[in-house]
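So the structure is just underneath, and the comments pick up after that.
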Amino acid sequence: VNDTVGTLALGHYHDEDTVAAVIIGTGTNACYLERTDAIIKCQGLLTTSGGMVVNMEWGNFWSSHLPRTSYDIDLDAESPNPNDQGFEKMISGMYLGDIVRRVILRMSEESDIFGPASSRLSMAFILRTPLMAAMHEDDSPELTEVARILNDVLEVDESLVSSLGLFVHQMNFFFFWVNGITWLMQSLFCLLYLVFFRFQTYL
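Quick note on our numbering: the sequence shown kicks off at 5 and runs consecutively.
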């Protein structure tokens, strides 16, 4: 069973008013309950309930209106599946760590903020998203965990503490950016559902 469809099934089992599910984890996806007669491709396959779950596979969603950075473009171009799963590559846990690595690499190439650039910064996916999250949660005055992870994983000199504050500030902005895009997509999804499904139900 698709994980998003399974999430919707579980939610609907506990609360019959549950009509949609969203997964934002290693990957991302959404599904919703649609009226069968509104699904053109399924004419003749009516269900006894009159509804059908639509698996959107929105990880592959793309629009020129989505704000795509140079890091997103480079990651997509160098991935095993270019021009595929574009939205998933922008917000899911599989890719966020590597986007941050790319930001750090550019920072180290364009300034001496981290001293000489480590060769490990050029290694794709060496910085995993859980490590990025751990750095984001480090609220110690000395940013001890940030310094440890950057040193252990990326071989950035721990003595460059003065640079860590700027790095954490940039990473917090990145989290804000990703959360904003995710919130926007979830809101749009809910709005479209209300307009095209709920409203029609009561016409």
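Heads up, the beta-carbon is just placed ideally off N, CA and C, and yes, glycines get one too.
Cβ-based neighbour list, residue 205, same chain, cut-off 8 Å, excluding 5 preceding and 5 following: Within the sequence shown, the letter at position 201 stands for residue 205. Caution is warranted here: a pLDDT of 46 is assigned to residue 205, below 50, making its placement in the model unreliable, and no coordinate value can be reported.
CB-CB length for residue 104 against residue 131, believed under 8 Å: Position 100 of the sequence shown holds residue 104. Position 127 of the sequence shown holds residue 131. Contact annotation, residue 104 with residue 131: C-beta distance approximately 6 Å; criterion of less than 8 Å satisfied.
Contacts around residue 91, its chain only, beta-carbon distance under 8 Å, and the 5 residues preceding and following it disregarded: Looking up residue 91 in the sequence shown gives position 87. Counting only Cβ-Cβ distances below 8 Å, and skipping sequence neighbours, we find 32, 62, 63, 64, 65, 66, 70 and 189.
Sheet register partners of residue 46 (DSSP bridge): Residue 46 sits at position 42 when you count from the first residue of the sequence shown. Answer by DSSP bridge pairing: none, since residue 46 is not bridged.
Contiguous alpha helix (DSSP H) assignments of at least 4 residues, all confined to the segment 82-145: 90-95, 97-114 and 133-140
Where residue 202 sits in the DSSP three-state scheme: Locating residue 202 in the sequence shown gives position 198, where the first residue counts as 1. Caution applies to residue 202, whose pLDDT of 48 falls short of 50 and renders its modelled position unreliable; the value that the coordinates give is listed next. If DSSP states are grouped into helix, strand and coil, residue 202 belongs with the helices.
Cross-strand partners of residue 37 (DSSP beta bridge): Along the sequence shown, read from residue 1 onward, the residue named residue 37 stands at position 33. DSSP output for residue 37 lists 57 as bridge partner(s).
Helix, strand or coil at residue 26 according to DSSP, with G and I counted as helix: What you label residue 26 is simply residue 22 of the sequence shown in a count that begins at 1. In the structure shown, residue 26 sits in a strand (DSSP, three-state: E or B).
Beta-carbon proximity check, residue 5 vs residue 35, cutoff 9 Å: Looking up residue 5 in the sequence shown gives position 1. Looking up residue 35 in the sequence shown gives position 31. Cβ distance not < 9 Å, so residue 5 and residue 35 don't count as in contact.
First and last residue of the uninterrupted alpha helix (DSSP H) at residue 10: By 1-based counting over the sequence shown, the position of residue 10 is 6. Here the alpha helix (DSSP H) through residue 10 covers 7-18.
Residue nearest to residue 78 in terms of C-alpha spacing, selected from 37, 60 and 106: The sequence position of residue 78 within the sequence shown is 74, counting from 1. Checking every option, the nearest Cα to that of residue 78 belongs to 106.
Through-space distance from residue 58 to residue 44, alpha-carbon basis: To locate residue 44, count along the sequence shown from 1; it is residue 40. To locate residue 58, count along the sequence shown from 1; it is residue 54. Going from the Cα of residue 44 to the Cα of residue 58 covers about 12 Å.
Status (buried if at least 16 other CB within 10 Å, exposed otherwise) for residue 207: Here residue 207 refers to the residue found at position 203 when the sequence shown is read from its first residue. In this prediction, residue 207 has a pLDDT of 37, which is less than 50 and means its spatial position is unreliable; nothing more can be read from the coordinates.
Residue 138 beta carbon less than 9 Å from that of residue 82: Position 78 of the sequence shown, counted from the first residue, corresponds to residue 82. Position 134 of the sequence shown, counted from the first residue, corresponds to residue 138. No, the Cβ-Cβ distance between residue 82 and residue 138 is not below 9 Å.
Span separating the alpha-carbon of residue 147 from that of residue 158: If you number the sequence shown from 1, residue 147 lands on position 143. If you number the sequence shown from 1, residue 158 lands on position 154. Looking at the two C-alpha atoms, the distance is approximately 16 Å.
Proximity winner among 15, 75, 30 and 21, relative to residue 134 (alpha-carbon distances): Counting from 1 along the sequence shown, the entry for residue 134 is found at position 130. Closest by alpha carbon: 30.
Beta-carbon proximity of residue 136 to residue 109, cut-off 9 Å: Position 132 of the sequence shown, counted from the first residue, corresponds to residue 136. Position 105 of the sequence shown, counted from the first residue, corresponds to residue 109. Contact: no.
Pairwise C-alpha distance: residue 123 and residue 156: Taking the first residue of the sequence shown as 1, we reach residue 156 at position 152. Taking the first residue of the sequence shown as 1, we reach residue 123 at position 119. If I take the Cα positions, the gap works out to 13 Å.
Alpha carbon of residue 140 to alpha carbon of residue 41, nearest angstrom: What you label residue 140 is simply residue 136 of the sequence shown in a count that begins at 1. What you label residue 41 is simply residue 37 of the sequence shown in a count that begins at 1. Between the alpha carbons of residue 140 and residue 41 lies a gap of roughly 47 Å.
Supposed close pair residue 95, residue 27 - CB separation, criterion 8 Å: Reading the sequence shown from its first residue, position 91 is the one you call residue 95. Reading the sequence shown from its first residue, position 23 is the one you call residue 27. The pair is not a contact, with the Cβ atoms about 11 Å apart (cut-off 8 Å).
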